[in-house]
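In the working numbering, the protein residues as written are 45 to 1204.
The beta-carbon is built from N, C-alpha and C at its ideal position, and this holds for glycine as well.
This report concerns only the one structure given below.
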Amino acid sequence: MTAPDFVHLHVHSEYSLLDGANRIGDLVKACEKDGQRALALTDHGNMYGAIELYQKAHKGGIKPLMGCEVYIAKRSMHEKHSKANGNGYSHLTLLARNMEGYQNLVKLTSAGYVDGFHYKPRIDMDLLRQHAAGISCLSGCLAGEINQLTRTGKEGEAEALATDLRDMFGPEHFWLELQRNGINIQADANEALMRMHQRTGIPLVATNDIHYLRAEDCHAQDVLLCINTGAKKADKDRFKFETDTLFFATREEMTHMFRDLPESIKATNDVAEQINVELEFGTYHVPEFVSETGESPDQIFDRLLEERLVKLYGSDSQAARERLEREKGTIRELGFVSYFLIVWDIIKWSRDNGISVGPGRGSAAGSIVAYLLDITRLCPLKYDLLFERFLNSSRVSMPDIDIDFCKEGRERVIEYTRERYGRECVTQIVTFGTMASRTVVRDVGRALDMPLSEINRVSKKIPAGPGAPSLAVALETDPELQAFKALGPEWEELFAYSTALEGMARHVSTHAAGVVITPGPTVNYVPLGRNGDDITTQFPAPQLEELGLLKMDYLGLRTLTIIDRCLANIKKRGLEPPVVDELPLDDPGVFELLMAGDTLGVFQLESEGMRKLLSRLKPDCFDDVVAVLALYRPGPLESGMVDMFVDRKHGREAITFPHESLVPILGNTYGCLVYQEQVMLASVELSGFSLNDADNLRKAMGKKKPEIMQKFSAQFLEGAIANGCDPDVAQNTWDNIIKFGGYGFNKSHSAAYALITYQTAYLKAHYRTDFLAANFSCEMGDSNKIKDFIDDCKKSDIRVLMPSIHESEWEFKPTQTPEGGEAIRFGFGAVKGCGRGALEAMCKVRNELLEEKPQLTFHEVVTAVDPREMGKIAWEAVIKSGAFDELQHNRGSLMAALESAMADASSLAKDRRSGQSSMFDAFGGAEEVSEEKPAAGIDDRFAITKAETLALEHEVLGFYLSGHPLEERAGLVSLLSSSPIKRLAEVGSSESTVRIAGLILQKAELVVKSGKMAGSKMCRFRLEDLSGSIGVTCFPRTYLEVRDLIEDGAVVLCSGKLEEGSDEPAMLLDEVMSLKDALARFQGGIELRVDPKDRAKLAVIKETCDRHKGQNPLFLQTEGDDGLTRRIRAGRDKGIAITEELANELCEILGHDRVGIVRV
């Protein structure tokens, strides 16, 4: 017998964050499989999943019932003093019955977050009454107020509430909600509800409060609750569901469950039958631009474009005029005039108010309209950029103009947008943090109370990042993960729960850049949510775009901030800074810098791999800069396209073209298909495609769907042959497009970003000190980047001067050495423990003191600053950084004198606040009074050693600046290491052993809590060389053998494997030895990376090696013009004796990164 129709009306998905364990797609499939014709979604307090349900349900032929299980405040939603876990709210199940009800549900859930949020997004009965129209209501689960009242013997109050709700929603739109989940108190609640039904006639309806898909999924959902509450699964008193029945029951199961109340099953269909909500997609809701001049959007649009066309191209440029008219026609046809004007207005305001804006980003750089409106600053005609790549009238979608702003000005731009277009109309956008494979393993491991060290070890083995397989796939294919899983039942549980929960929403965040701008209040279009203090949409960006809303990305680009700071530095030095948007694009100094790979700090060109490519490619024109940004990606690198491009540029491979008509299109890329625009132009030129069709081909290539590509293949070949092309040539051209075109990059984006690349390269080439100081100031929170820039300064003979109590400001600043050399003064902002407000207050007082006298004492500086503005921790950090070294006092002695000086500072500040200082000044006696108390004594008995000084310096800077404990042994450290630490990321595989000589810091001894080694000791420490530091883990067996060698401050050689998947390099230790033992045991030779053209340096190397003759072989490594590395062994009579002295001399000549060892 076929089961009666039934509809689930109370359903939680993953958007009931860390509570619901259902994916909406799985729920829809379950409906299809069981023949259920509708599906509700009633997540806790929100509508996050409403659009996903609507779209997926319709696609599956299921009616979507959009709803919410709202939180009702017991009194007013505006009262926010109840405890989080108290009875301050109850639950109620609401379903939107029609569009009015949908809009009311949007307003209710929005108000819960915007006005009623207190631990939960709460509304109250007054608000519910105002927005009840068009909503169907169910009385709720055990947490519903009706059930709460009956449980406490207040059945009369419960009935009164039920009749009130019936009157509020209408007698046909309110039901008493029955659930049969095996919980004793639920059975009692059901009895009370049935009695109420008999007395009032309010209908009953059956639900199952679905939280997971299948009965067996209750265990994974239970783990989800543990993640939510921070509890361990084994905890006895933790919060958990006392049932395993909250799954997606079939029609048959629900009918059987309520076999004595068939009307409650039928009622589910009655509820669903009433519901009919049709959302509108594809209609655009762009605010109409309102001009202060009173012009219509079309009038101001035409005027601005005409004025700029004449200014930039003259009045008789036919090509620019035709391109403009074509673009204007499309923009008008699609209704986007106001959109462009809004973007123009925001960018104009930003530039007028001193906020830097990037020259363009993405495909918008292909639009001459965007160029003429000064939205972009790159002529699309000059660089063959295509409007159709940006806006295609045959593939209608909202334009996407992303804008880069100076990072520090971004919030001001958003605030202007709010003021200009209405605060209630400008809203930030929600994003969802998900339980990615590594995250979910860590979360589940904590819930199962597994040792954190073990969980971290396995999580690092899991593939991560774009394109990484799912955890389930990785478990099937990765032997290491399979070995973990085989360790026992606990590990099987870990992976079972992790695979079940992987990818589910974990928390909400605010989109890093996106805001939505609506014609009226945003709440009239989409529900609002909250993330901390941010009010956001409840729907993510892709869904907002599908609903036709205007989304804009305000991206904060640090590089624009660096450029601004660099120009300010230049101006402070009394020089006229260049206008970066007007730089000549053929400056020899720029290309000399790029060819040398001297690009630390240069936009998009900083990585080691990119620097190597620059050295091979040797760019000598702006087109090459555009190309290199497009080429340095996995596809072109792995396909051989990069090698072809480099070899063709330097004449090592002939430049060929698939067809002579493509020479103008592929000429500046040496016949290589580098850009998507080249694919589009080739299909237009050779096969007669329209630009719209060409863009559709470009998009199809990205999707790689065979049936679509087959259609385009036929169109391309037929068109080419019809245009007189030989069939074989046409086929060969198509094959080339398929082979390389799929790797093509968006030239509009590459060209726009190449301008920023060029600007930063120009500033580094011509204003290096100012540029590097700007980079320092923008990276003050990253000690590794600071170290990299210090190394870069050393190569350029720019001294990085210690923090100075007389000269340092919050930021780094360019200056000169006493000898007149280029220098950068260290900024207090890079000193840990120094808050900006405190240090800027100190600098202000310090500058006032310096107006009176050029040299200050420790006591004068400290006592002049109110301790309420700068406390002891900040002063200690300043001392430890070395800022007072110029006063010739030991840092330990100053630390000891600080407390007394601050006590004096407190007294003086109190006097200033009480007005005593002013009184004495009035009588000319302030000076005499201050002299009555002698300056705080600085006692040399508290002086500390150089090693202790350096340790304190490292503590507050994150690295050594005034010296390094390894300096005297730098040559041997470099020689014995297989790689400097900062280059370990290039080593890669955990299969190979690496050797790192360095200094042990921050040793921490741990006790293993569980497993075979429970009770055994292991340790972790950081190992630092002259280039950086690395975390090292030493497990019990190894630690037992080497523990005597592992002490803070010890200089050792560590050997081990790199941990795969770490965010930064980390080592699993296999062996430790002293440098003396390592050198004594070493068998092999020295390898020197040399420049064969530098004859003078080669002569010095030869003379040095001749003084250290021995039996060890000497190898020379060189790089040819083709980019290939070659190793040459010196003659048998050129053997050397490897000693620490030789290592130091060679490192002094070549640099630490050019001297290494070779095991033979």
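Are the Cβ atoms of residue i and residue j separated by less than 8 Å?
{"i": "asparagine 148", "j": "glycine 184", "result": "no"}
{"i": "isoleucine 319", "j": "aspartate 487", "result": "no"}
{"i": "phenylalanine 285", "j": "alanine 74", "result": "no"}
{"i": "serine 1021", "j": "arginine 1039", "result": "yes"}
{"i": "histidine 17", "j": "alanine 65", "result": "A question about residue 17 goes unanswered here, because the residues of the chain that appear run from 45 up to 1204."}
{"i": "alanine 796", "j": "leucine 353", "result": "no"}
{"i": "asparagine 225", "j": "aspartate 253", "result": "yes"}
{"i": "leucine 430", "j": "alanine 409", "result": "no"}
{"i": "phenylalanine 345", "j": "serine 792", "result": "no"}
{"i": "tyrosine 714", "j": "arginine 692", "result": "yes"}
{"i": "valine 249", "j": "leucine 378", "result": "no"}
{"i": "valine 559", "j": "glutamine 648", "result": "no"}
{"i": "serine 794", "j": "aspartate 608", "result": "no"}
{"i": "glutamate 524", "j": "methionine 479", "result": "no"}
{"i": "aspartate 631", "j": "tyrosine 806", "result": "yes"}
{"i": "leucine 1070", "j": "valine 1134", "result": "no"}
{"i": "glycine 573", "j": "glutamine 587", "result": "no"}
Which of the three DSSP states, helix, strand or coil, is assigned to residue i?
{"i": "cysteine 112", "result": "strand"}
{"i": "threonine 299", "result": "helix"}
{"i": "arginine 617", "result": "coil"}
{"i": "tyrosine 569", "result": "coil"}
{"i": "alanine 1029", "result": "helix"}
{"i": "threonine 543", "result": "helix"}
{"i": "lysine 662", "result": "coil"}
{"i": "glutamate 58", "result": "coil"}
{"i": "alanine 979", "result": "Its pLDDT being 44, under 50, alanine 979 is placed unreliably by the model, and nothing is read from it."}
{"i": "leucine 1070", "result": "coil"}
{"i": "glutamine 1275", "result": "Limits of the chain in this structure are 45 at one end and 1204 at the other, which puts residue 1275 out of reach."}
{"i": "cysteine 185", "result": "coil"}
{"i": "histidine 903", "result": "helix"}
{"i": "glycine 924", "result": "Per the sequence shown, residue 924 should be read as lysine rather than glycine. Of the three classes helix, strand and coil, the one that applies to lysine 924 here is helix, per DSSP."}
Can you check DSSP and say which residues form a bridge with residue i?
{"i": "glycine 477", "result": "His551"}
{"i": "proline 898", "result": "Looking at the DSSP assignment, proline 898 forms no beta bridge with any residue, so it has no partner."}
{"i": "aspartate 1138", "result": "Paired residue(s): none; aspartate 1138 is not in a bridge."}
{"i": "alanine 84", "result": "Leu109"}
{"i": "tyrosine 427", "result": "Answer is none; tyrosine 427 lacks a bridge partner."}
{"i": "aspartate 597", "result": "Gly558"}
{"i": "cysteine 450", "result": "Leu601"}
{"i": "alanine 250", "result": "Leu222"}
{"i": "arginine 1173", "result": "Phe1159"}
Distance check for residue j and residue i, CA to CA, integer angstroms please.
{"i": "histidine 241", "j": "glycine 489", "result": "47 Å"}
{"i": "tyrosine 415", "j": "valine 670", "result": "18 Å"}
{"i": "serine 503", "j": "glycine 1075", "result": "16 Å"}
{"i": "tyrosine 598", "j": "cysteine 822", "result": "19 Å"}
{"i": "asparagine 129", "j": "valine 474", "result": "Low confidence applies here, because asparagine 129 scores a pLDDT of 47, under 50, leaving its location unreliable; read the following figure in that light. Going by the C-alpha atoms only, they are around 26 Å apart."}
{"i": "leucine 62", "j": "tyrosine 569", "result": "27 Å"}
{"i": "isoleucine 842", "j": "alanine 1110", "result": "32 Å"}
{"i": "valine 728", "j": "asparagine 780", "result": "16 Å"}
{"i": "glutamate 975", "j": "phenylalanine 856", "result": "At glutamate 975 the pLDDT is 41, less than 50, meaning the model places this residue with poor confidence; the figure from the coordinates comes in the next sentence. Approximately 35 Å between the Cα atoms of the pair."}
{"i": "threonine 461", "j": "histidine 135", "result": "37 Å"}
{"i": "lysine 656", "j": "glycine 695", "result": "19 Å"}
{"i": "proline 403", "j": "aspartate 836", "result": "28 Å"}
{"i": "aspartate 1205", "j": "leucine 1050", "result": "There is no way to answer for residue 1205, as the model of the chain reaches only from 45 to 1204."}
{"i": "glutamate 866", "j": "serine 1118", "result": "39 Å"}
Since residue i and residue j should fall inside the 8 Å C-beta cutoff, what is the C-beta to C-beta distance between them, to a whole number of angstroms?
{"i": "threonine 603", "j": "threonine 804", "result": "6 Å"}
{"i": "serine 731", "j": "asparagine 767", "result": "7 Å"}
{"i": "histidine 88", "j": "serine 60", "result": "4 Å"}
{"i": "proline 862", "j": "threonine 813", "result": "No, proline 862 and threonine 813 are not in contact; Cβ-Cβ is about 16 Å, not under 8 Å."}
{"i": "alanine 259", "j": "threonine 194", "result": "Contact flag wrong, Cβ pair sits at about 28 Å."}
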